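Residue numbers (the UniProt record's numbering): 1 to 354.
All residues carry an ideal CB built from backbone N, CA and C; glycine is no exception.
Quick caveat: nothing in here was measured; it's all calculated off a predicted structure.
Worksheet: one structure, shown below.
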Amino acid sequence: MFSGFFSQVTLDLVLQSNTVVFHGNEDSASSKLLFGKVILKVLERTKISSLKVISMGKTEFSFIERSKPMYSTADMNRDIHSSGKLQVLNKTEILLDGKKNKIYLDTGTYEYSFIITLPGDLPESVYSTHGSTEYSLKAVLETSSYLSCPSKQIPIYLGRIPYSGPPTFMPADGPNEIQKEFAKKLSVKLNTPSKYYAENQTIDLVADISLINPNIKILSIGARMNENIIIKSFANPGIKKDIVKLITSAKKEFKTNSKSKFLDSSEFSLELCLPQSYKDMQHDIENKTFSVSHQIHFDITIEIEGTSQNLVVSLPVLVVPNEYFSEMLSLPKYSPKIQFEKDELITPPEYSEL
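Structure (structure tokens):
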């Protein structure tokens, strides 16, 4: 709760949830509603000028990238500084308007509910070292007093569960697999139980390794999950900044002698624990400014003829909001057309996201 010093009124802002998740791409997602209320605690009779709730959002970035000048034959690069700021949301809801009609509040506690409509084409929240898209909600009370206006601001998070096709169809989930063979050395098959993961989950990675050359010694295996962020300039999408961030990793080392227990089995597992906070790991995103993707890189360090080598197999995974599991997976799964007797076709109503 926040109020100005010696204010006659204190103000609190409460949201049903500070997270909003759209279902669908920017060009197809429906609007979402954000529910909340402003609580005023009046200490003495006060004249109210206005009570308003402001929803705000901005996208901004700043980075330096090396680039070769166009139409130049010189073999030299130059630094290009690219920055930008864009207001993506600025909406005001008036809860009390004392400028048209005088409003006085007597001593007591008052609650004013509100509903904010957020368009489905808003870009998702992103946090990175060189750019971000951030949203917040602010309640402001203006009184006739000369003291500072009581206000409170809360950050809100906008996520998205992208998919193509009719909104009643879910993207298929299931085991995520990839297989790769390193000529005359070994082959690796990677597997995770799901293609989709969210913060505070654990990825169970299983690797099936088959040795082609029996003289190879496996020194260690490891897995690391990287987050790849691409930031594109507003003015010129060709000017980009690539950011690679290590999210989590795991490693196992083995004995180097030929009797290692490692050779008694071909299947091994590693656990990758994902961060608890969405600010520590972004969701997969693709919009005009930001592109975010994730890959698991499986590393095998081997020794062959006295020389060590590192082999890498990469497996893409999708990081989605937690609401993917609580909202999307609970929706009814039915065909857009149902066949009844006498060849009568009935189309069921679309699922409403509001």
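Cβ-Cβ distance between residue i and residue j below 8 Å
i, j, result
"Asp106", "Arg45", "yes"
"Tyr112", "Lys37", "yes"
"Leu158", "Ser125", "yes"
"Lys41", "Thr133", "no"
"Glu271", "Asp208", "no"
"Ile229", "Val317", "no"
"Lys240", "Lys288", "no"
"Ile156", "Val20", "yes"
"Asn213", "Ile304", "yes"
"Ile115", "Ile221", "no"
"residue 356", "Glu65", "Given a span of 1 to 354 for the chain in the structure shown, any question on residue 356 remains unanswerable."
"Val88", "Lys52", "no"
"residue 404", "Gly174", "Summary: the structure shown does not reach residue 404, with the chain confined to residues 1 through 354, and so no result is reported for it."
Residue i: first and last residue of the uninterrupted alpha helix (DSSP H) it sits in
i, result
"Phe298", "Looking at the DSSP string, Phe298 is not in any alpha helix (DSSP H); the run it does join, the beta strand (DSSP E), is 290-304."
"Ser326", "323-326"
Counted within 10 angstroms of its Cβ, other Cβ atoms place residue i as buried (16 or more) or exposed
i, result
"Leu43", "exposed"
"His283", "buried"
"Ser7", "buried"
"Gly306", "exposed"
"Lys251", "exposed"
"Lys333", "Confidence is the limiting factor: at Lys333 the pLDDT is only 46, short of 50, which leaves the residue's position unreliable and the question unanswerable from this model."
"Leu33", "exposed"
"Pro162", "buried"
"Glu177", "exposed"
"Gly165", "Unreliable positioning characterises Gly165 in this predicted model, as indicated by a pLDDT of 44, which lies under 50. The coordinate reading is nonetheless provided below. Exposed is the call here."
"Ile296", "buried"
"Ser258", "A caution first: Ser258 carries a pLDDT of 46, below 50, which makes its placement in the model too unreliable to give a value."
"Val9", "buried"
"Glu181", "exposed"
"Leu13", "buried"
"Phe262", "Any reading at Phe262 must be qualified, since the residue scores a pLDDT of 47, below 50, and its modelled position is unreliable; the value itself is stated next. With 16 or more Cβ atoms within 10 Å of its Cβ, Phe262 is classed as buried."
"Leu274", "buried"
"Pro336", "For Pro336, the pLDDT reaches just 43, beneath the cut-off of 50, and the residue's location in the model is therefore unreliable, although a value from the coordinates is still provided. Exposed is the call here."
"Leu11", "buried"
Candidates the options, of which the one nearest residue i by Cα
i, options, result
"Ala183", "Leu211, Leu141, Phe290", "Leu211"
"Ser83", "Gly306, Asn236, Val319", "Asn236"
"Leu122", "Glu323, Ile285, Ser266", "Ile285"
"Val319", "Leu311, Tyr278, Phe290, Phe22", "Tyr278"
"Thr92", "Leu272, Ile300, Met56", "Met56"
"Ser136", "Tyr104, Val313, Ser151", "Ser151"
"Thr117", "Ser31, Pro321, Lys185", "Ser31"
"Met281", "Ser308, Glu199, Gly174", "Glu199"
"Val188", "Asp242, Ile218, Leu95", "Ile218"
"Ser28", "Arg160, Thr129, Gln16", "Arg160"
"Leu141", "Pro275, Ile39, Cys273", "Ile39"
"Phe63", "Thr129, Phe325, Gln201, Leu311", "Thr129"
"Val206", "Leu315, Leu15, Asn25", "Leu315"
"Lys255", "Gly24, Asp242, Ile216", "Ile216"
Beta bridge counterpart(s) of residue i as assigned by DSSP
i, result
"Gly84", "Phe61"
"Lys240", "Lys232"
"Thr129", "DSSP, once it has assigned bridges, lists no residue as partnering Thr129."
Extent of the continuous beta strand (DSSP E) run through residue i
i, result
"Ser194", "Premise fails: Ser194 is in no beta strand (DSSP E) and is neither H nor E."
"Cys273", "267-273"
"Leu40", "32-42"
"Pro155", "151-161"
"Gln179", "176-182"
"Glu111", "108-118"
"Ile212", "Counting along the chain, Ile212 falls outside any beta strand (DSSP E), and DSSP gives it neither H nor E."
"Val21", "19-23"
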